[in-house]
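Report on the following structure.
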Amino acid sequence: MQYSPFFFYILAFVLIAASLAVVLARNPLYNVLALVVAIFSLSCLFVLLEAYFVGMILLLIYAGAVLVFFLFVVMCLNLNTLNLNSAAQSRFRVFGTTVGLMFLALFGLATKSFIKAQALEASSIRGTIETIGQILFTNYLLPFELTSLLLLIAIFGIVSLAQGAFSTGKDEPIA
Amino acid sequence: MITLGNFIALSGIIFTVGLIGVMTSRTVLKVLLSLELLLAASNLSFVAFSKFNGDYAGQLIVFFVILVAAAEVAIGLAIIVVMYKRLSTIQADELKEMKW
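Protein chains in written order, with our numbering: chain A, 23 to 197; chain B, 274 to 373.
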């Protein structure tokens with residue numbers, strides 16, 4: 023397949039700008055909405071890589087369910103009025119930025135020789151529902167079933183946490 | 274021509290932004306959002322390697338990462354709601370009940 027550089031650079035620009043907005047925006051609502059934009063452009067990049075199934079799953083589960091859940095929590099907690107007094111910056115601001123940039127430099131050094139060493143051509147695989155599903159239900163059946171167990175345990179955890187949220191903080195029996 | 278290096282560089286940049294966000298944000302909600310950026314960056318490199326190596330395993334790993342991340346976000350947001358009910362704040366600095 024022939025990658026079109028134009029689409030890649032547009033999507034990469036949107037992705038970087040949106041992820042910067044996730045970290046830098048002050049309003050929690052804007053953070054979540056910027057993450058929606060970032061996930062959407064990431065999904066478009068997956069389609070550019072011909073990973074259609076994963077791209078659609080990302081769009082459905084992340085942008086559709088997880089980030090809407092984030093929005094619910096932000097709106098329910100009414101965080102916009104809460105955080106206005108947090109003008110003081112984190113103590114780890116300089117430290118965190120330094121460590122992040124050091125990581126980026128190390129990452130660049132580590133991958134530069136590696137990428138130069140193998141100039142890989144794009145293969146012709148297409149991650150459609152058919153091909154992914156065929157592998158998922160044969161070679162990866164056990165992890166797939168274990169994922170359902172994980173989701174069940176997560177539901178138990180959320181229900182017990184939510185019961186704790188509506189008690190008054192003392193150890194009172196829950197009706 | 275877009276090669277593997279372009280995708281890996283983009284993934285590294287997104288990961289760095291998320292890493293800075295995790296380490297510098299003050300509210301627990303923003304830490305969770307930055308964690309999502311970290312996962313997105315690693316997903317991008319998985320899919321890029323999958324495409325350029327001709328192996329479907331990378332895309333399957335991304336599928337599982339998305340499912341586990343959904344569970345993680347649900348638990349994390351439940352903890353945030355409980356924290357807000359108990360402490361009336363979601364500042365990470367206020368979580369010092371276990372500090373001796």
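Idealized CB from N, CA, C, for every residue including glycine.
Name the two residues that bound the continuous alpha helix (DSSP H) containing residue 153(A). The residue labelled residue 153(A) in the question sits at position 131 within the first sequence. In the DSSP assignment, residue 153(A) falls within the alpha helix (DSSP H) that extends over 151 to 158.
Buried or exposed by the 16-neighbour rule on C-beta atoms within 10 Å, applied to residue 49(A): Within the first sequence, the letter at position 27 stands for residue 49(A). Classification of residue 49(A): exposed, given that the 10 Å Cβ count is below 16.
Do you know how far the Cα of residue 34(A) is from the Cα of residue 27(A)? Counting from 1 along the first sequence, the entry for residue 27(A) is found at position 5. Counting from 1 along the first sequence, the entry for residue 34(A) is found at position 12. Cα-Cα distance, rounded: 10 Å.
Cβ pair residue 297(B), residue 136(A) closer than 8 Å: Locating residue 297(B) in the second sequence gives position 24, where the first residue counts as 1. Locating residue 136(A) in the first sequence gives position 114, where the first residue counts as 1. In this structure, residue 136(A) does not lie closer than 8 Å to residue 297(B) by Cβ.
Could you say which of 185(A), 184(A), 174(A), 183(A) lies nearest to residue 378(B) if we only look at CA atoms? Summary: the structure shown does not reach residue 378(B), with chain B confined to residues 274 through 373, and so no result is reported for it.
Where the segment 50 to 65 of chain A meets chain B: residues whose CB sits under 9 Å from a CB there: 50, 53, 54, 56, 57, 60, 61, 64
At what residues does the alpha helix (DSSP H) containing residue 284(B) begin and finish? As a position in the second sequence, residue 284(B) is number 11, starting the count at 1. Residues 277 to 297.
Report the residues of the segment 147 to 165 of chain A with a CB closer than 7 Å to any CB of chain B, ordered along the chain. 147, 149, 153, 154, 157, 158, 162, 165
Compile a chain-ordered list of the residues in the segment 298 to 310 of chain B whose CB is closer than 9 Å to at least one CB of chain A. 298, 299, 300, 302, 303, 305, 306, 307, 309, 310
So does the segment 151 to 170 of chain A actually touch the segment 275 to 291 of chain B, counting three or more Cβ pairs closer than 8 Å? no
Could you tell me whether the Cβ atoms of residue 363(B) and residue 45(A) are closer together than 8 Å? Along the second sequence, one-based indexing puts residue 363(B) at 90. Along the first sequence, one-based indexing puts residue 45(A) at 23. No, the Cβ-Cβ distance between residue 363(B) and residue 45(A) is not below 8 Å.
Is the shortest distance between the beta-carbon of residue 180(A) and the beta-carbons of chain B less than 8 Å? Residue numbering aside, residue 180(A) sits at position 158 when the first sequence is read from its first letter. Chain B, which has a Cβ nearer than 8 Å to the Cβ of residue 180(A), makes this yes.
I need the DSSP call for residue 300(B), collapsed to helix, strand or coil. For the purposes of this step, residue 300(B) is taken as the residue at position 27 of the second sequence. Strand, per DSSP.
Using a Cβ-Cβ cut-off of 8 Å, state whether residue 81(A) counts as contacting chain E. Considering every chain present, this structure includes no chain E. Its protein chains are A and B.
Straight-line CA distance for residue 54(A) to residue 134(A)? Position 32 of the first sequence, counted from the first residue, corresponds to residue 54(A). Position 112 of the first sequence, counted from the first residue, corresponds to residue 134(A). Cα to Cα, the separation comes out at about 33 Å.
Nearest candidate by alpha-carbon position, reference residue 312(B), set 334(B), 365(B), 369(B): Locating residue 312(B) in the second sequence gives position 39, counting from the first residue. For residue 312(B), the nearest C-alpha among the options comes from 334(B).
Whole-Å CB distance - residue 9(A) paired with residue 36(A), under 8 Å assumed: Since the first residue of chain A shown is 23 and the last is 197, residue 9(A) is not available in this structure.
Who are the neighbours of residue 315(B) on chain A, taking C-beta pairs under 9 Å? For the purposes of this step, residue 315(B) is taken as residue 42 along the second sequence, with counting starting at 1. Contact of residue 315(B) with chain A by beta-carbon distance below 9 Å is absent, the smallest such distance being about 11 Å.
Quick one: does residue 369(B) have its CB under 8 Å from some CB of chain A? On the second sequence, position 96 is the one that residue 369(B) refers to. Output row for residue 369(B): interface = no.
Take every Cβ of the segment 314 to 332 of chain B, pair it with every Cβ of the segment 145 to 154 of chain A, and state whether three or more of those distances are shorter than 8 Å. yes
Please work out which residues of its chain come closer than 7 Å, Cβ to Cβ, to residue 365(B), disregarding the five sequence neighbours upstream and downstream, and give them in chain order. The count along the second sequence starts at 1 and reaches residue 365(B) at position 92. The answer, listed in chain order, is 299, 300, 301, 304.
Test: residue 324(B) CB closer than 8 Å to a CB of chain A: Within the second sequence, numbered from 1, the residue matching residue 324(B) stands at position 51. With 8 Å as the cut-off, residue 324(B) counts as an interface residue toward chain A.
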